[in-house]
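Chains as they are written, first to last, in the numbering used here: chain A, 1 to 332; chain B, 333 to 672.
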């Protein structure tokens, strides 16, 4: 009997030593994405759900993680069902990207009951750490950039400013972006309050709205802050059509791939296009979320404390830094 | 007179100080960005310093049957090329025109003109290919050594021989055995999919498969199966260039620690694309070439030697590869053969 106990003890020691010296433990992590429906612009910033998911696939390659992916489809009910499935699979952690506050409260409650930690993405879940865009700061960067340009180049001219995009969107993120642009402009140009130009998020409409506005601003310099990159490209088109390229500059929000691209794509923000009236676009890095979020998830899985809120570090992407921020490895 | 010579002396001293400051700044910048060569401050050769007569002699023992296995793809119009690279040959046939012959014996001749970039087809990346800002291998501030036409330092003419032992690592088998092979539907034979990271553990598993222990001066080739897309040119060129399976930073560092002289794969890039951290540009190139002087060979035909290794259970061979003494160049296409 004693001998059997001794052998069992030795086996236990040997197996724990193997665990310690062998491969690190792998974790099963579920990521429930906001919406992977093709054509859906995530948070109005012209990123696709597929780009966000891809960033998780890429970032997880070098981590001891087995990922499970869900598509919430922009639907609260589906988000709840996905969370229930994650619970039934006994995942080690759930990363939840869902915009419905009520559903998020319920998801938080269910996961807590199941003893599964949750990491919320852009929309809070009670009791869960949050990774989120800093819309106010991003907007401020755009406003400051426009204001600085005007001070440096048009100090003796009459300057007006406009914010173009889905300005009537009731979401707090859009309101924060607009507030940030306004604040940034005020810091540089205290007497140039921006005018809101509503395109309802449609680029064609943005072009028309801005064209009309330009017609009322003869012999004035115009600073345009757009709420997304598609609106920026539409604004550029309107300015060119109106023959006002020497009077206008644009700063956008998002820095999605539609405005910058690989070395051979020759997009608007490109090192070879430094004279563009699109001065830049503030990066939200939705296509890097995996790289930002999974390290936080790893810390949670290791039982470490993480901040209750981690915000994206936004920077202005321009012709000067676009290849540094987005190395163009894809040169097809 | 005395006063003027003092002034002149002060000015000269100041100029000398400024000059030395400039040099010092450039050098200290590169010293923070790039590792020093273990072969001394004047080294422009890199890892081929490791191929000593003893290494070559030991490698010669690998020749057992004399069978030669090709490891280069044909270089022909239409093969996948990275970015805006191009290659084109022009044939000069003037003497074939009736009456254009030479002498009573009616001798004729033909010649080619290569209108080609050097990093095309199966090719070697030299020390002048990759840097961090203007700092290249052995902390060389390349800004001082570039002309419109060629490099005044780190050109291919500085390389020594590649007469050494080659080792093939069959990563397809490693991933198959581990039950983690995710292939690409465009590959007609099993391949690792684009974006698959090959780690140091994978490399060591591949070596263990054929009981190979790497030696200083070895040339390492990794078979990923991705080269099958190269052979389907031009149909699969876009797929081939869009991504690649390849070694990650841990594998690159481990290979560098083994003091190998080159790493080659059947992909356009050797390293994994997209990179492990997509915010970094070609970090394995930087690690191997810039910081360790280890050559990178791209678009290597690895399928034949991998198959031969599988059937013979022998993954080592004598490497036959020569590099032209093309002064001041950053790379060139090469022919490679494995002699068994």
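C-beta: ideal position from N, C-alpha, C; glycine also.
Please read all numbers here as calculations on a predicted model, not as lab measurements.
Excluding residues up to 5 positions away in sequence, 513, 524 lie with their Cβ nearer than 7 Å to the Cβ of residue 507 of chain B in the same chain. Put simply, the CB of residue 598 of chain B is far from chain A, with every gap to its CB atoms at 8 Å or more.
About 6 Å separates the CB atoms of residue 301 of chain A and residue 92 of chain A; that is less than 8 Å, so the two are in contact. The Cβ of residue 65 of chain A sits no closer than 8 Å to any Cβ of chain B. Selection A:131, A:159, A:254, A:145 evaluated against residue 187 of chain A yields A:145 as nearest (Cα-Cα). For residue 669 of chain B, the enclosing beta strand (DSSP E) stretches over residues 668 to 671. Classified as buried, residue 528 of chain B has 16 or more neighbouring CB atoms from the shown chains inside 10 Å of its CB. Residue 665 of chain B is positioned such that its CB atom lies no closer than 8 Å to that of residue 411 of chain B. By the Cβ-count criterion, residue 568 of chain B is buried, with 16 or more other Cβ atoms from all chains shown falling within 10 Å of its own Cβ.
For residue 327 of chain A, the C-beta contacts it makes with chain B under 9 Å involve 607, 610, 611, 612, 613, 614, in order along the chain. Taking 8 Å as the CB threshold, residue 62 of chain A lines the interface with chain B. When A:298, A:79, A:110, A:253 are compared, the shortest CA-CA separation from residue 163 of chain A is found for A:253.
Residue 80 of chain A and residue 68 of chain A have their C-alpha atoms roughly 16 Å apart.
Looking only at B:437, B:447, B:407, the smallest Cα-Cα distance to residue 423 of chain B is reached by B:447. Boundaries of the alpha helix (DSSP H) harbouring residue 572 of chain B: 569 to 574, taken from the DSSP string. Chain-order list of chain A residues neighbouring residue 602 of chain B: empty, with the shortest C-beta distance near 13 Å, by a criterion of under 7 Å. At least one CB of chain A lies nearer than 8 Å to the CB of residue 529 of chain B. If you draw a straight line from the Cα of residue 55 of chain A to the Cα of residue 49 of chain A, it is about 10 Å long.
The criterion of a C-beta distance shorter than 8 Å is not satisfied by residue 272 of chain A and residue 325 of chain A. For secondary structure counted as the beta strand (DSSP E) over 3 or more consecutive residues, the stretch 267 to 291 of chain A holds these complete runs in sequence order: 278 to 283. Inter-segment contact for the stretch 588 to 596 of chain B and the stretch 532 to 551 of chain B is present: three or more beta-carbon pairs are separated by less than 8 Å.
Contact between the stretch 430 to 444 of chain B and the stretch 473 to 488 of chain B is absent: fewer than 3 CB-CB pairs across the two stretches fall below 8 Å.
Between residue 526 of chain B and chain A, the shortest Cβ-Cβ separation is not below 8 Å.
Taking the C-beta atoms as reference points, residue 316 of chain A is found no nearer than 8 Å to residue 125 of chain A.
Straight-line measurement puts the Cα of residue 634 of chain B at about 5 Å from the Cα of residue 555 of chain B.
Contact with chain A is found for residue 580 of chain B, since one of that chain's Cβ atoms lies less than 8 Å from the residue's Cβ. Burial state of residue 184 of chain A is buried, judged by a 10 Å Cβ sphere holding 16 or more other Cβ atoms.
Residue 322 of chain A and residue 268 of chain A have their alpha carbons spaced roughly 11 Å apart. Between residue 199 of chain A and the set A:52, A:212, A:190, A:182, the nearest pair of CA atoms involves A:212.
CA-CA distance, residue 648 of chain B to residue 503 of chain B, rounds to 15 Å. For residue 291 of chain A, the residues of chain B that pass the 9 Å Cβ criterion are 609, 610, 611, in the order they occur in the chain. Annotated three-state conformation of residue 414 of chain B is coil, per DSSP. For residue 58 of chain A, a Cβ of chain B is located within less than 8 Å of the residue's own Cβ. In the same chain as residue 606 of chain B, and ignoring 5 residues on each side of it, the C-beta atoms closer than 7 Å to its own belong to 527, 575, in chain order. The alpha carbon of residue 218 of chain A has as its nearest neighbour, out of A:237, A:245, A:196, the alpha carbon of A:245.
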